[in-house]
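Here the structure is laid out as structure tokens; the discussion comes afterwards.
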Amino acid sequence: MQLLGLLRRELRSECRQWVDDGDISAEQGERILARYGTSLEDVSDGSLAYKVLVGVALLFAGMAMMLLVSANWEEIPRAVPMLGLVATTLVLNGIGVRHFLRDGSGIGWLFVGSISYGASIMLIAQIYHLGEHFPDGLLVWALGVAPMALLTRSRVIALLMLALALFWLMAEGQFSPPWAMVLFLGCSVAVARMACSAGLMIVTVAAAVTWLNVLLGWAYGYPWRPDIEAGHLTLNMGLLALIFMAGHRLSATTSVYLRRTATLLSLWALRGYLLLLLPFTFTEFCEGYLKELETVMDPGLWMGLLAAIPAAWLALRNRSAHPLSRGLVMGLPLVMVLLHGGISESMAVPVTVLVNLLVLGSAIVLVQQGLLKGLSQYFYSGVALLLVLGMMRYVDLVGDYVGGSVLFLLAAGILFLAAHYWRDRQGGAGHE
Amino acid sequence: MNNRQRKFAFVAAILFQLVIMAGVWVNGFYPLWLGEEVRLKTRPVDPRDLFRGNYARLHYDFDTIEPGASADFRPGDVVYVPLVRHGDLWDPQPAQASRPESGVFLRGRVTSRPWRSGSRVTFGIEALFAPKEKALALEKQLRHAAVAVVRVAPNGRAALVSVNSE
Numbered sequence: 001m002q003l004l005g006l007l008r009r010e011l012r013s014e015c016r017q018w019v020d021d022g023d024i025s026a027e028q029g030e031r032i033l034a035r036y037g038t039s040l041e042d043v044s045d046g047s048l049a050y051k052v053l054v055g056v057a058l059l060f061a062g063m064a065m066m067l068l069v070s071a072n073w074e075e076i077p078r079a080v081p082m083l084g085l086v087a088t089t090l091v092l093n094g095i096g097v098r099h100f101l102r103d104g105s106g107i108g109w110l111f112v113g114s115i116s117y118g119a120s121i122m123l124i125a126q127i128y129h130l131g132e133h134f135p136d137g138l139l140v141w142a143l144g145v146a147p148m149a150l151l152t153r154s155r156v157i158a159l160l161m162l163a164l165a166l167f168w169l170m171a172e173g174q175f176s177p178p179w180a181m182v183l184f185l186g187c188s189v190a191v192a193r194m195a196c197s198a199g200l201m202i203v204t205v206a207a208a209v210t211w212l213n214v215l216l217g218w219a220y221g222y223p224w225r226p227d228i229e230a231g232h233l234t235l236n237m238g239l240l241a242l243i244f245m246a247g248h249r250l251s252a253t254t255s256v257y258l259r260r261t262a263t264l265l266s267l268w269a270l271r272g273y274l275l276l277l278l279p280f281t282f283t284e285f286c287e288g289y290l291k292e293l294e295t296v297m298d299p300g301l302w303m304g305l306l307a308a309i310p311a312a313w314l315a316l317r318n319r320s321a322h323p324l325s326r327g328l329v330m331g332l333p334l335v336m337v338l339l340h341g342g343i344s345e346s347m348a349v350p351v352t353v354l355v356n357l358l359v360l361g362s363a364i365v366l367v368q369q370g371l372l373k374g375l376s377q378y379f380y381s382g383v384a385l386l387l388v389l390g391m392m393r394y395v396d397l398v399g400d401y402v403g404g405s406v407l408f409l410l411a412a413g414i415l416f417l418a419a420h421y422w423r424d425r426q427g428g429a430g431h432e
Numbered sequence: 001m002n003n004r005q006r007k008f009a010f011v012a013a014i015l016f017q018l019v020i021m022a023g024v025w026v027n028g029f030y031p032l033w034l035g036e037e038v039r040l041k042t043r044p045v046d047p048r049d050l051f052r053g054n055y056a057r058l059h060y061d062f063d064t065i066e067p068g069a070s071a072d073f074r075p076g077d078v079v080y081v082p083l084v085r086h087g088d089l090w091d092p093q094p095a096q097a098s099r100p101e102s103g104v105f106l107r108g109r110v111t112s113r114p115w116r117s118g119s120r121v122t123f124g125i126e127a128l129f130a131p132k133e134k135a136l137a138l139e140k141q142l143r144h145a146a147v148a149v150v151r152v153a154p155n156g157r158a159a160l161v162s163v164n165s166e
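So the protein lines, in turn, are chains G and H. Using the UniProt record's numbering, you'd call the opening residue of the first sequence number 1 and step up by one each time. Using the UniProt record's numbering, you'd call the opening residue of the second sequence number 1 and step up by one each time.
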């Protein structure tokens, strides 16, 4: 995991300081920074501020255009504002394309052109009082922006397309399964690959997870509406496992942007895993989940297995991940089948105790890995997890006072043993 | 991709946007061009839309399928509402799944599952865009007695022309 690679700007600044102070040579500085895909001469810091400010200014200009459109120019003949906005779209895109073909600039023009295009669609809908199915407007807006994103390989335009597609997903998802989302996800992945953008890749993965959850909702509620069921948790368990292992698989690549993507994927999958585990440490939640689960015919189980089985296969082949996480991922398909097919709500208390112990074990591993590999994010996540778990169990007892007390004693014992093991290992390492 | 092919691809992308805009325009315009004018009772409510500006939402007696009949319709299904003229106004008949062979009819789409009050249907004539003050005034003035002037194309697609007092 290259967590440091996520702080390239800070790393570059520190490295320049080391070179200026004579702590390291410029050549050494270059070699260090090259590991994270940057260099001492990288001047993107200054241009980033410029890009962000220009980007926000263009967004504001686009919003001004949308508000003007929304102002209902009733006094002006219909054709005038409509043709005006269509012509504005053509001019903005024309200037953008000209600049882009000349020297690769012009993204700002094309970005505002894409907003102007959407404003034109909204204006036409407004003039002709089109109100039958408003998500269609968002769909055709995103569809029109997609080719521009692909041709320019622009992250900003791809993000605009993805944002529109997500709005459409949320709106259309209430009426029918939003299959067309696959087009936008594919387009976004293609732009992320061509532009070597880890950020866009992560946003695309998040959008894909949202889409799969909406599709599962439709699998439950078809043909009436999307339903949220307990099986959604099963699906997300499988997806998190797959994202986590895919992150580990990608971390071995030589491409810097893919390594950065891998780091972000693993980090967010880990955070998702911890967030998903916490509710299961409550008996009532576990009981409700086990009660609500359908049988092995549950679509949530099958969609979850479609993600969990490749994840288990990756865990089997990839030895770079920690043994606890590999073991959990390898055992996940079996756990999912057991949860859906064999465990009833009457076993909620033992399951809750197991999950509490799993959280405890995960926290210990995070603290240990954080110290061992110098990853402060892991260390503090582990400490925070221990404290949150302690606080939650003190407020919400598992198995009344005696049960709660036994669980705390068990946790204290495990922590004590882990601390001793750690001290002995450190001592052994010191003697070697 | 060489520069010439790239140029061609960009032109195609801009043309694609233009075709979509033209499609949205034709979709809204052709009932006004080809359609027959009908007058329907309506009630304007709820002005304001984040994306499309201010508007008065128009409710019609026929925008809900009765609970008994709604079980036959799923969200997304196309429904047809035949219209029969009574004096100045046109009265809606019960919604049906098949297209009427003759007469004036509206084509709509079911947008909700059956509930106690039935299923919701939209026909593309539910939004009257107007400045905020006008939309609010319309809602107050026409709450109990409004008539929507609509043009209906031979295939049932409708376009809203105006909303007047009865």
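Ideal Cβ placement from N, Cα and C applies to all residues, glycine included.
Measure the CB-CB distance between residue i and residue j and report whether it falls below 7 Å.
| i | j | result |
| --- | --- | --- |
| Ile124/G | Trp25/H | yes |
| Ser162/H | Val149/H | yes |
| Leu216/G | Gly113/G | no |
| Met170/G | Ala146/G | no |
| Ser197/G | Arg155/G | yes |
| Asn202/G | Leu264/G | For the sequence presented, residue 202/G should be read as Ile rather than Asn. Taking 7 Å as the Cβ cut-off, Ile202/G and Leu264/G qualify as a contacting pair. |
| Leu314/G | Met391/G | no |
| Leu371/G | Ala411/G | no |
| Thr283/G | Ala348/G | yes |
| Ala56/H | Leu160/H | no |
| Gly173/G | Gly238/G | no |
| Leu106/H | Val81/H | yes |
| Leu34/H | Ala158/H | no |
So residue i packs on residue j, CB below 8 Å; how close in whole Å?
| i | j | result |
| --- | --- | --- |
| Ser116/G | Met65/G | 6 Å |
| Ile20/H | Asn93/G | At roughly 13 Å, the Cβ-Cβ gap does not stay under 8 Å, so Ile20/H and Asn93/G are not in contact. |
| Ser266/G | Gly288/G | That pair is no contact at about 30 Å. |
For residue i, which residues of its own chain have a beta-carbon under 8 Å away from its beta-carbon, when the five flanking residues on both sides are left out?
| i | result |
| --- | --- |
| Thr253/G | Arg259, Ala262 |
| Val355/G | Leu277, Phe280, Thr281, Cys286 |
| Pro135/G | Trp168, Ala171, Glu172, Phe175 |
| Met82/G | Ser120, Leu123, Ile124, Ile127 |
Excluding five sequence neighbours on each side, which residues of the same chain lie with their C-beta closer than 6 Å to the C-beta of residue i?
| i | result |
| --- | --- |
| Ser188/G | Ala158, Leu162, Thr204 |
| Ala363/G | Gly382, Leu385, Leu386 |
| Val19/G | Ala26, Gly29 |
| Thr38/G | Arg8, Arg12 |
| Thr42/H | Leu58, Tyr60, Ala146, Ala148 |
| Ala12/H | none |
| Ile125/H | Val150, Ala158, Leu160 |
| His431/G | Because the pLDDT at His431/G is just 46, under 50, the model does not fix this residue reliably, and the point stays unresolved. |
Mind listing the chain G neighbours of residue i? Cutoff is C-beta to C-beta under 8 Å, in chain order.
| i | result |
| --- | --- |
| Arg74/H | Pro223, Trp224 |
Which residues in chain H sit within 8 Å of residue i, going by Cβ to Cβ distance?
| i | result |
| --- | --- |
| Ser176/G | Pro75, Gly76 |
| Ser188/G | Chain H residues near Ser188/G: none, gap ~16 Å exceeds 8 Å. |
| Thr254/G | Result: empty, since nearest Cβ-Cβ is about 26 Å, beyond 8 Å. |
What does residue i touch in chain H if you count any residue whose Cβ is under 7 Å from its own?
| i | result |
| --- | --- |
| Pro147/G | Ala13, Phe16 |
| Val140/G | Ile20, Val24 |
| Gly144/G | Phe16, Gln17, Ile20 |
| Asn93/G | Ile14 |
| Leu160/G | Going along chain H, no residue has its Cβ under 7 Å from Leu160/G, so there is no contact; the nearest lies around 14 Å. |
Could you please give the first and the last residue of the uninterrupted alpha helix (DSSP H) stretch that includes residue i?
| i | result |
| --- | --- |
| Gly28/H | 3-34 |
| His248/G | 231-250 |
| Thr122/H | Here Thr122/H belongs to no alpha helix (DSSP H); instead the beta strand (DSSP E) covers 119-122. |
| Ser376/G | 376-395 |
| Ser116/G | 107-127 |
| Arg271/G | 256-277 |
| Arg8/G | 8-21 |
| Val355/G | 348-373 |
Cβ closer than 9 Å: which chain H residues qualify as neighbours of residue i?
| i | result |
| --- | --- |
| Tyr220/G | Simply none; closest approach about 13 Å. |
| Gln368/G | Ordered by position in chain H, no residue passes the 9 Å Cβ test against Gln368/G, which lies about 49 Å from the chain. |
| Thr89/G | Ile14, Gln17, Leu18, Met21 |
Which residues in the same chain as residue i place their Cβ atom closer than 7 Å to its Cβ, once the five residues preceding and following it in sequence are excluded?
| i | result |
| --- | --- |
| Leu50/H | With a pLDDT of only 47 at Leu50/H, under 50, the local geometry of the prediction cannot be trusted, and the value read off the model is given with reservation. Within the same chain, Leu50/H has no close Cβ partners at all. |
| Thr88/G | Ser116 |
| Leu200/G | Arg155, Ala158, Leu159, Ser188, Val191, Ala192 |
| Ile228/G | Gly217 |
Which bits of chain G does residue i rub up against, with CB to CB less than 7 Å?
| i | result |
| --- | --- |
| Ala145/H | Correct list: empty, because the minimum Cβ distance to chain G is about 20 Å. |
Need the endpoints of the beta strand (DSSP E) that residue i sits in, please.
| i | result |
| --- | --- |
| Trp90/H | 89-92 |
| Phe105/H | 104-110 |
| Phe129/H | 127-129 |
| Leu83/H | 78-86 |
| Val163/H | 158-165 |
For a test of your reading of the model: does the CB of residue i fall under 6 Å from any non-hydrogen atom of the ligand ATP? Yes or no.
| i | result |
| --- | --- |
| Asn93/G | With respect to the ligand ATP, the structure offers nothing, as it holds no ligand at all. |
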